[in-house]
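Below: one structure, written as structure tokens.
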Amino acid sequence: GQQVMQIPQYQHVQEGEDFTTYCNSSTTLSNIQWYKQRPGGHPVFLIQLVKSGEVKKQKRLTFQFGEAKKNSSLHITATQTTDVGTYFCAGLSGGSYIPTFGRGTSLIVHP
Amino acid sequence: NAGVTQTPKFQVLKTGQSMTLQCAQDMNHEYMSWYRQDPGMGLRLIHYSVGAGITDQGEVPNGYNVSRSTTEDFPLRLLSAAPSQTSVYFCASSLTVMNTEAFFGQGTRLTVV
Chain A
24 GQQVMQIPQY
34 QHVQEGEDFT
44 TYCNSSTTLS
54 NIQWYKQRPG
64 GHPVFLIQLV
74 KSGEVKKQKR
84 LTFQFGEAKK
94 NSSLHITATQ
104 TTDVGTYFCA
114 GLSGGSYIPT
124 FGRGTSLIVH
134 P
Chain B
194 NAGVTQTPKF
204 QVLKTGQSMT
214 LQCAQDMNHE
224 YMSWYRQDPG
234 MGLRLIHYSV
244 GAGITDQGEV
254 PNGYNVSRST
264 TEDFPLRLLS
274 AAPSQTSVYF
284 CASSLTVMNT
294 EAFFGQGTRL
304 TVV
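This is how it looks when you write it as structure tokens:
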């Protein structure tokens, strides 16, 4: 079945440093979504990417969808303590309507 | 508009007990699902429903039952609780089964002793 691998599992950064998490799928995806979960909270939707090579920005967050629609990344510029949490990708393959979640990347920001 | 409401927030069960985790959404969403979240394992799909009267198994369905008698409600039943079911459970809903964002409930932290 479809697998979505997400790396790294954890990332420690100093406040102000950049951060990137990557998702790779074993199959071609029809779309990919990103979610953020604050410590003790629930996942909250950030964005959805649909087109090959798509790039979307939300303030300091940049989301990319690979040309082959098998990988995606989330990049945060100049991290802040408010960015702390776990970031999940969720990929939907062409033959399924059930999204597969990556295991998440936990971001720890040191002030 | 409350979104997705899960109850209870916390629960402690003894091994062998049964219970129902409640989930309700007021957004007229077609698709609802249950996940469990364990450290380092991400979100694993337990059961899902694409509409009232239709349910199906996800990745880790053993030990759980669901039903979807109305569009709004999607309860998750633990038949005979086991320590391996200690986890955080999330209910989620989305407008349709594809290409739409999922809204998650606040979660239920379940401990089985």
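Chain order of the listed sequences is A and B.
Numbering-wise (our numbering), the first sequence opens with residue 24 and increments by one.
Numbering-wise (our numbering), the second sequence opens with residue 194 and increments by one.
All C-beta atoms in this analysis are idealised placements derived from N, C-alpha and C, irrespective of residue type, glycine included.
Keep in mind it's a predicted model, so treat the numbers as computed, not measured.
If you look at A/Lys79, you'll find it in the beta strand (DSSP E) that goes 78–81.
The residues Thr301, in chain order, have a CB closer than 7 Å to that of B/Pro201 in the same chain once the five nearest residues on each side in sequence are set aside.
Interface with chain B (8 Å Cβ-Cβ cutoff): A/Ile121 is included. As DSSP reads the structure, A/Phe68 sits in a beta bridge with A/Tyr58.
Its chain contains no residue whose beta carbon lies nearer than 6 Å to that of A/Lys74 once the 5 sequence neighbours on both sides are disregarded. Sequence-distant Cβ neighbours of A/Gln26 in its own chain, meaning closer than 6 Å and more than five residues away, are Ser49. Using a C-beta cut-off of 8 Å, the region 112–123 of chain A makes no contact with the region 215–223 of chain B, since fewer than three inter-stretch Cβ pairs fall below that distance.
DSSP assignment within the region 248–290 of chain B yields the following whole beta strand (DSSP E) runs of 3 residues or more, N-terminal first: 257–259, 269–271, 280–287. Note on B/Gln230: 16 or more other CB atoms within 10 angstroms of its CB, so buried under the neighbour-count rule. Secondary structure note for A/Tyr120: it is in no beta strand (DSSP E), with a DSSP letter that is neither H nor E.
In the same chain as A/Ala101, and ignoring 5 residues on each side of it, the C-beta atoms closer than 8 Å to its own belong to Gly39, Glu40, Asp41, Arg83, in chain order.
In this chain, the beta strand (DSSP E) harbouring A/Asn47 covers 42–48.
In summary, the residues of the region 228–248 of chain B whose CB is separated from some CB of chain A by less than 7 Å are Gly233, Met234, Gly235, Leu236, Leu238, Tyr241, in the order they occur in the chain.
In terms of Cβ geometry, B/Val290 and B/Tyr224 form a close pair [threshold 8 Å].
When the five nearest sequence neighbours on each side are left out, the beta carbons in the same chain lying within less than 8 Å of the beta carbon of A/Thr43 are those of Ser96, Leu97, His98, Ile99, in order along the chain. Here the C-alpha atom of B/Asp266 lies approximately 6 Å from the C-alpha atom of B/Cys216. Taking all protein chains shown into account, B/Val305 has 16 or more neighbouring C-beta atoms within 10 Å of its C-beta and is therefore buried. At a Cβ-Cβ threshold of 8 Å, A/Gln29 and A/Leu130 do not count as neighbours.
Judged by beta-carbon spacing, A/Gln60 lies within the 8 Å limit of A/Gly108, meaning their Cβ atoms are closer than that value.
Residue-level contact by beta carbon holds for B/Glu294 and chain A, with a gap shorter than 8 Å.
Going by beta carbons, A/Glu77 and A/Phe68 fall outside the 8 Å limit. Contacts between A/Arg126 and chain B, judged by CB atoms closer than 7 Å, involve Gly233, Met234, Gly235 in chain order.
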